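S.K.: The C-terminal residue of the sequence shown carries number 1031 in our numbering, and the numbering is unbroken.
We put the CB at the ideal spot given by N, CA and C, even for glycine.
As the structure is a prediction and not an experimental result, all values here were calculated from the model.
What follows is a structure written as structure tokens; I'll ask about it next.
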Amino acid sequence: MPLADVYTSLQTGLIDTAANTLSGALAFQWHTKIKHIVDLPLSFVVGEVVVTRKSFEALTPEDRKLVEDEFHATFTRLEAINRKDNESAREALKAQGIAIDAPNEAERKSWQAIGGEVYAKVKAQGDLSPPMLQALGEVLGQLHGNAQ
């Protein structure tokens, strides 16, 4: 379903469930149509920075290092901002009377299994480099308490 259709679908009852971050639920106004949120970690890619291999390889080794370091620093800052925004959103949603429910172990495992299927599809598509897949697997392993 296109993102733009979710709010209308929540309004009309076409759907009663939607996945989003806490801050996303506020930003898209979905919180006005829900009463419960399942407290599971979600991560969404909402944008990318793309540098072609040709452009990157045209840089000097020193400039490549600068670009890599700046990307790392920038995305580290963005991650911290996103975490803070999500915590602020959690408090705002609670203040509006929305229940934030912890899933039981079976529900958590079910969601993790779905995430594992998505990870396997991403891996099979070959769109991510082996180092990126390894980093993704490590993060997922930390979240789930095991290795990917």
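Residues bridged to residue 920 by DSSP?
M.R.: According to DSSP, which records beta bridges pairwise, residue 920 is partnered with 983.
S.K.: Rounded to whole angstroms, what's the CA-CA distance from residue 1022 to residue 916? Just pull it up for me.
M.R.: In a straight line, the C-alpha of residue 1022 is about 32 Å away from that of residue 916.
S.K.: Can you list, in chain order, the residues of its chain whose CB lies under 7 Å from that of residue 973, leaving out five sequence neighbours each side?
M.R.: Only 905 and 983 meet the Cβ criterion.
S.K.: Indicate whether the contact test is met: 3 or more Cβ pairs, each with one atom in the region 893-910 and one in the region 960-972, closer than 8 Å.
M.R.: Because the criterion of three Cβ pairs below 8 Å is met, the region 893-910 and the region 960-972 touch.
S.K.: Would you kindly check if the distance between the Cβ of residue 919 and the Cβ of residue 997 is under 8 Å?
M.R.: No, the Cβ-Cβ distance between residue 997 and residue 919 is not below 8 Å.
S.K.: Can you list, in chain order, the residues of its chain whose CB lies under 8 Å from that of residue 890, leaving out five sequence neighbours each side?
M.R.: Here the set comprises 911, 912, 913 and 916.
S.K.: What separation, rounded to the nearest whole angstrom, lies between the Cα atoms of residue 894 and residue 1020?
M.R.: Computed Cα separation, rounded: 37 Å.
S.K.: Give every residue of the same chain whose Cβ lies closer than 6 Å to the Cβ of residue 1030, excluding the five residues on either side of it in the sequence, and list them in chain order.
M.R.: Reliability fails at residue 1030, whose pLDDT of 45 lies under 50, so the model's placement of it is uncertain and the value that follows must be treated cautiously. Cβ neighbours of residue 1030 beyond the five flanking positions: 1024.
S.K.: Which two residues bound the contiguous alpha helix (DSSP H) that contains residue 906?
M.R.: That run of the alpha helix (DSSP H) goes 905-910.
S.K.: In the DSSP assignment, the alpha helix (DSSP H) including residue 975 goes from what residue to what residue?
M.R.: Looking at the DSSP string, the run of the alpha helix (DSSP H) that includes residue 975 is 944-978.
S.K.: Return the CA-CA distance between residue 995 and residue 887, expressed in angstroms with no decimal places.
M.R.: If you take the alpha carbons of residue 995 and residue 887, they lie about 26 Å apart.
S.K.: State the CB to CB distance for the pair residue 924 and residue 1026, rounded to an integer number of angstroms; the pair is presumed to be in contact (CB under 8 Å).
M.R.: Confirmed, Cβ separation roughly 6 Å.
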